[in-house]
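Reviewing the structure listed below.
Numbering (this note's numbering), first residue to last: 236 to 1007.
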């Protein structure tokens, strides 16, 4: 309640807000039986609309004592509402709020998220809009001072590239005392190709991207080509409206290019069930349901899944709305099956050939060999007459074998190497129906594509297909898309959105802590031409972003969850970023952009449970050379067995727009024992041992800052202790320095092992695992 008071202070003279205070009470306690869904509505009473409240007669504006609603919530017998069996009960404060709202006239307000945002005035004419809105809400809280420059460069570099800054970059920024120092730093970071890699991560989670189909057979795909499209689009700062249109309907654009068709792979990243007992048409509808849910979550910020079976119980989404939206995706020629390219690859039509010119040339050369061998065999057969029969049969058999081998090689190359990206294509016209309880065999009335009735209509002239849907989502009148997008951007940098429930902007969502800021950003984003980098730059250039993350007693008492941003939120880094940080700090990172997935270190036998048939080999094909050290973004993602050392990442089976933040034993066991961290520690140790101040060098590579005298003393103590351990166990030292594929070099194994453990401790410091 203190947080509510701080965010939206009320005085006795201020009226109760229906949207902020009354609707959440009604939604939680009344709408299930007196809301949107007519099948569950009791006594024909409806409280979720202005008309329903008026027609119910249960609310008498200005007269709480004469209102049946008040009488029922105060009752303690069989007339009590909510009923005792519902396990819901209004507390005294909620009852007082409802009575006061009725006494003040029972004014109804539309849900804030369903009203198009209007740009509000910036409070106090603040120099930076974000700071103006944030500080206007701080109340008794005081904003924190600016973060130290070393902390700031590490923070913003991790946020914009997913990698820590180098020692040289830190020194240059600290030494630059010009007013433009931070802007110069941002120029460099936004121009980095690592920006697209970093920003792709949450989008891949939201798009449920993986490199296999899932389920029992879990065939591999070539969807990594779509993943690379995302990275390139983000690096090129593709406007978000174009980013939206190309992924939802790139194939429907006039004269669509290959890349625009590849973009539609977004909606082919779903699970595909290729098991023998799976019913193809049932699976096709599961895919359609998934597409509706992913679209609704990503662009509308709404939970539409329950409307698959019935009208939504809380939001004004009908079953007809759901299936009318589904109709936009129902004309793709997919069957619901997994398709088959080879024993490894499972790619279902429609797909496009995304092979490079070199790959096509190589395939042609392989087929040319096959053609030559076939011609040679045909020529030999013409001369049987004149050759010794036994010799001919031997030569013919050898030639036949050689043809078979060449054909198999050419076929395997085309099937397993040349990418076929699953894409969208409206190449099979179908009639869409409302399904009774969502069952694919129980078809009811026919529906055609339409957008939900409670939202703005399609733009004039927009086609009634996926392209029209995409254009509608980014239209100026749409109340949700820009809000949802800027909220997710805020979440990227602050850990939590201005609307905490970033997946749900419906009536049961958590209200925005800073409604005016959310709307200002939404309008600014749209009117900037949906410029993503400009939005991100606006956020990271604010004093709110640049302030210290140190927690004071005042913060703990008045705002323990930091919902009002009097300090910068301190956030534990996800496993994918921690792995990249270790590789980068050690110098092992291979920073090539894009390409097919790689197979870094994983526990032995990690895929063994998949080998339930002899159809294919599920031995984990560990990469070699530089591929071992590529960014986590490029790790092969098997849906049935996700990478073991990426413990807090999405399983990529469903759309996920909020990252998990974990602090479990698995976390520590991974960063202390996984070969990636052990090898990175050993390689960093080897680099440090040739420096004048090894401990300072290693400390700065991992944490960016220099150690204090006290910290350096502890590190020296630890190093000496490790030396003592390994002097008494040289065999253990030799074993440790051989972990990983990188040669240990000519360092003394005792010295290298001791320094390795110090570096491993550095990687596991709380400060190293956290973005300050």
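From the three backbone atoms N, C-alpha and C, an ideal C-beta is built for every residue, glycine too.
Nearest-angstrom Cα separation, counted from residue j out to residue i
{"i": "residue 620", "j": "residue 611", "result": "Note that residue 620 scores a pLDDT of 49, beneath 50, so its modelled location is shaky; the value from the coordinates is reported in the next line. Roughly 16 Å separates the two Cα atoms."}
{"i": "residue 835", "j": "residue 908", "result": "15 Å"}
{"i": "residue 250", "j": "residue 831", "result": "59 Å"}
{"i": "residue 901", "j": "residue 993", "result": "21 Å"}
{"i": "residue 821", "j": "residue 948", "result": "23 Å"}
{"i": "residue 282", "j": "residue 290", "result": "9 Å"}
{"i": "residue 530", "j": "residue 273", "result": "26 Å"}
{"i": "residue 468", "j": "residue 664", "result": "31 Å"}
{"i": "residue 451", "j": "residue 850", "result": "12 Å"}
{"i": "residue 701", "j": "residue 567", "result": "11 Å"}
{"i": "residue 305", "j": "residue 295", "result": "10 Å"}
{"i": "residue 288", "j": "residue 422", "result": "54 Å"}
{"i": "residue 724", "j": "residue 769", "result": "11 Å"}
{"i": "residue 475", "j": "residue 765", "result": "5 Å"}
{"i": "residue 353", "j": "residue 486", "result": "33 Å"}
{"i": "residue 1065", "j": "residue 410", "result": "The structure shown does not extend to residue 1065, since the chain spans only 236 to 1007, so no value can be given for it."}
{"i": "residue 584", "j": "residue 462", "result": "19 Å"}
Residue i - partner residues in DSSP beta bridges
{"i": "residue 605", "result": "Residue 605 pairs with nothing; no bridge assigned."}
{"i": "residue 657", "result": "586"}
{"i": "residue 1005", "result": "807"}
{"i": "residue 542", "result": "Residue 542 pairs with nothing; no bridge assigned."}
{"i": "residue 876", "result": "Residue 876 pairs with nothing; no bridge assigned."}
{"i": "residue 825", "result": "865"}
{"i": "residue 782", "result": "381"}
{"i": "residue 580", "result": "455"}
{"i": "residue 870", "result": "833"}
Counted within 10 angstroms of its Cβ, other Cβ atoms place residue i as buried (16 or more) or exposed
{"i": "residue 860", "result": "exposed"}
{"i": "residue 392", "result": "buried"}
{"i": "residue 515", "result": "exposed"}
{"i": "residue 636", "result": "exposed"}
{"i": "residue 847", "result": "exposed"}
{"i": "residue 950", "result": "buried"}
{"i": "residue 432", "result": "buried"}
{"i": "residue 912", "result": "buried"}
{"i": "residue 442", "result": "buried"}
{"i": "residue 458", "result": "buried"}
{"i": "residue 511", "result": "exposed"}
{"i": "residue 482", "result": "buried"}
{"i": "residue 712", "result": "exposed"}
{"i": "residue 906", "result": "buried"}
{"i": "residue 677", "result": "exposed"}
{"i": "residue 271", "result": "buried"}
{"i": "residue 898", "result": "exposed"}
{"i": "residue 870", "result": "buried"}
{"i": "residue 852", "result": "exposed"}
{"i": "residue 600", "result": "exposed"}
{"i": "residue 979", "result": "buried"}
{"i": "residue 827", "result": "exposed"}
Same chain, Cβ closer than 7 Å to residue i, five either side skipped, listed in chain order
{"i": "residue 427", "result": "396"}
{"i": "residue 312", "result": "none"}
{"i": "residue 935", "result": "402 and 941"}
{"i": "residue 264", "result": "317, 323 and 325"}
{"i": "residue 650", "result": "576, 577 and 580"}
{"i": "residue 387", "result": "781"}
{"i": "residue 582", "result": "456, 457, 574, 576, 655 and 657"}
{"i": "residue 277", "result": "268 and 269"}
{"i": "residue 642", "result": "605"}
{"i": "residue 408", "result": "384, 388, 416 and 420"}
{"i": "residue 400", "result": "388, 389, 392 and 939"}
Residue-level contact to chain D via CB, residue i, 9 Å cutoff
{"i": "residue 655", "result": "Of the protein chains in the structure, only one exists, and it is not chain D."}
Chain-order list of residues whose beta-carbon lies under 6 Å from that of residue i (same chain, five-residue window excluded)
{"i": "residue 335", "result": "251"}
{"i": "residue 564", "result": "523 and 526"}
{"i": "residue 962", "result": "985"}
{"i": "residue 365", "result": "777 and 779"}
Neighbourhood of residue i by C-beta, 8 Å cutoff - its chain only, sequence neighbours within 5 removed
{"i": "residue 679", "result": "668, 669, 670 and 671"}
heavy atom of the ligand MG below 8 Å from residue i C-beta
{"i": "residue 982", "result": "With respect to the ligand MG, the structure shown offers nothing to examine, as it has no ligands at all."}
Every unbroken alpha helix (DSSP H) within the segment 395 to 450, with a cutoff of 4 residues, ordered by chain: Listed in chain order, the alpha helix (DSSP H) runs fully inside the segment 395 to 450 are 402 to 410, 416 to 426 and 429 to 441, counting runs of at least 4 residues.
Whole runs of the beta strand (DSSP E) within the segment 640 to 691, excluding any shorter than 3 residues: Runs of the beta strand (DSSP E) inside the segment 640 to 691: 655 to 657, 667 to 670 and 678 to 682.
Complete runs of the alpha helix (DSSP H) confined to the segment 733 to 775 [at least 4 residues]: Taken in chain order, the complete alpha helix (DSSP H) segments of 4 residues or longer contained in the segment 733 to 775 are 750 to 762 and 767 to 775.
Alpha helix (DSSP H) segments (min. 4 residues) lying fully within the segment 349 to 378: As far as the segment 349 to 378 is concerned, its whole alpha helix (DSSP H) runs of at least 4 residues are 364 to 371.
So within the segment 280 to 356, which uninterrupted alpha helix (DSSP H) runs reach at least 4 residues, ignoring any that extend past its ends? Listed in chain order, they are 285 to 291, 303 to 309 and 327 to 338.
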